[in-house]
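Novice: Could you have a look at this structure, given as structure tokens, before my questions?
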Amino acid sequence: MDLTIIGCSGSASGPGNPASSYLVRHDGFALLLDMGPGAFGGLWGELHPRELDAIALSHLHPDHCLDVCAFNVGALYAPDAPWPRIPLFGPAHTRARLTAAYEPVPGDESEWAVDFVTWQPVQRIGPFTVSLVPARHSTEAYSLRLDADGASLVYSGDTGPSPDLVDLARGADVLLAEASFIHSDDLPADSHLSARQAAEHATAAGVRTLVLTHVPPWHSPEEAYAEARPHFDGDLVLARPGLTVPLA
1 MDLTIIGCSG SASGPGNPAS SYLVRHDGFA LLLDMGPGAF GGLWGELHPR
51 ELDAIALSHL HPDHCLDVCA FNVGALYAPD APWPRIPLFG PAHTRARLTA
101 AYEPVPGDES EWAVDFVTWQ PVQRIGPFTV SLVPARHSTE AYSLRLDADG
151 ASLVYSGDTG PSPDLVDLAR GADVLLAEAS FIHSDDLPAD SHLSARQAAE
201 HATAAGVRTL VLTHVPPWHS PEEAYAEARP HFDGDLVLAR PGLTVPLA
């Protein structure tokens, strides 16, 4: 299993950095986790978007989902269209949310080149067993765990501090965790993690590698790394576009 960072800017795209999007590949299967603004363009540097086998959305805030609209334009209208239909996993109202953003031609029932699938607590997506727990966020949101052939990746999505995330990540090879906040004692409980909190979650779960992501453009990734380092003894990695992290 390989994790490749397509975009890792938090809350909005940043300079040369799409918003949240992560490509996970195993056994020839390509799964994209989230597709924030700029992710469709960034994806072309790794593979032709028509080669995606599935898309999974942790939640429906714009910085995690809006480039699904760009993907759909390509799938329907690129010179090599139509692209193969693929499943898109997300919350129950994903189609309505994205349709409101996409604004298709009125009455066009074929506006989507994906098949919308509502998340279940556990499901099979290609070679991956995907398990979910609700995230502590301001909208319906999930943290995800992918297991395949003995390798395991956990993606926090957007979440405040969460014992459920610790349980989900227990013993995982890699925790891909957001680090949106500079740490303080009065952070909101149900919004985002600081880099320190991400490190504390990784330590409590006993993961091997922590990848810090979702640092907004107004904060320094290096500051997030320095904040996390004293609280996690394993491999600590800063996400950046194009970085590939192989899993055992």
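Numbers 1 to 248, taken from UniProt numbering, label the letters of the sequence shown in order. Yeah, the Cβ is synthetic: ideal placement off N, Cα and C, and Gly gets one too. In this text the structure is predicted, and so the values were computed from the model without any measurement.
For residue 98, which of helix, strand or coil comes out of DSSP?
Specialist: Numbered from 1 along the sequence shown, position 98 holds the residue referred to as residue 98. Helix at residue 98.
Novice: When burial is assigned at 16 or more other CB atoms within 10 Å of the CB, is residue 83 buried or exposed?
Specialist: Residue 83 sits at position 83 when you count from the first residue of the sequence shown. It counts as buried.
Novice: Taking the C-alpha atoms as reference points, what is the distance between residue 207 and residue 175?
Specialist: Along the sequence shown, read from residue 1 onward, the residue named residue 207 stands at position 207. Along the sequence shown, read from residue 1 onward, the residue named residue 175 stands at position 175. Linking residue 207 to residue 175 through their CA atoms gives a straight-line distance of about 7 Å.
Novice: Does the distance from the C-beta atom of residue 157 to that of residue 59 stay below 8 Å?
Specialist: The residue given as residue 157 occupies position 157 in the sequence shown. The residue given as residue 59 occupies position 59 in the sequence shown. Yes, the Cβ-Cβ distance between residue 157 and residue 59 is below 8 Å.
Novice: Could you give the uninterrupted runs of the beta strand (DSSP E) lying entirely in the region 119-180, keeping only those of 3 residues or more?
Specialist: For the region 119-180, the full-length beta strand (DSSP E) segments reaching 3 residues or more read 122-125, 128-134, 142-148, 151-155 and 174-178 along the chain.
Novice: Determine whether the beta carbon atoms of residue 201 and residue 165 lie at a separation below 8 Å.
Specialist: Within the sequence shown, residue 201 is the residue found at index 201, counting from 1. Within the sequence shown, residue 165 is the residue found at index 165, counting from 1. Yes, these two residues count as a Cβ contact at 8 Å.
Novice: Quick check on the DSSP output: what are the complete beta strand (DSSP E) runs of length 3 or more inside the region 188-221, in order along the chain?
Specialist: 209-213
Novice: Since residue 38 and residue 15 are thought to touch, with beta carbons under 8 Å apart, how far apart are those beta carbons, to the nearest angstrom?
Specialist: Position 38 of the sequence shown, counted from the first residue, corresponds to residue 38. Position 15 of the sequence shown, counted from the first residue, corresponds to residue 15. With a Cβ gap of about 11 Å, residue 38 and residue 15 do not count as contacting.
Novice: Where residue 148 and residue 185 are concerned, what is the direct C-alpha to C-alpha distance, given to the nearest angstrom?
Specialist: As a first step, residue 148 must be located in the sequence shown, where it is residue number 148. As a first step, residue 185 must be located in the sequence shown, where it is residue number 185. Taking the straight line joining both Cα atoms gives about 38 Å.
Novice: Let me know the secondary structure DSSP gives residue 93 once reduced to three states.
Specialist: For this step, residue 93 is matched to residue 93 along the sequence shown. Three-state result, residue 93: coil.
Novice: In the DSSP assignment, find the unbroken beta strand (DSSP E) run with residue 113 in it and report its ends.
Specialist: Walking along the sequence shown from the start, residue 113 turns up at place 113. It is not in any beta strand (DSSP E) - residue 113 carries neither H nor E in the DSSP assignment.
Novice: Please determine if the region 48-64 and the region 88-106 are in contact, where contact requires at least 3 C-beta pairs separated by less than 8 Å.
Specialist: yes
Novice: Give the list of continuous beta strand (DSSP E) stretches no shorter than 3 residues that lie fully inside the region 38-90.
Specialist: As far as the region 38-90 is concerned, its whole beta strand (DSSP E) runs of at least 3 residues are 54-56 and 86-90.
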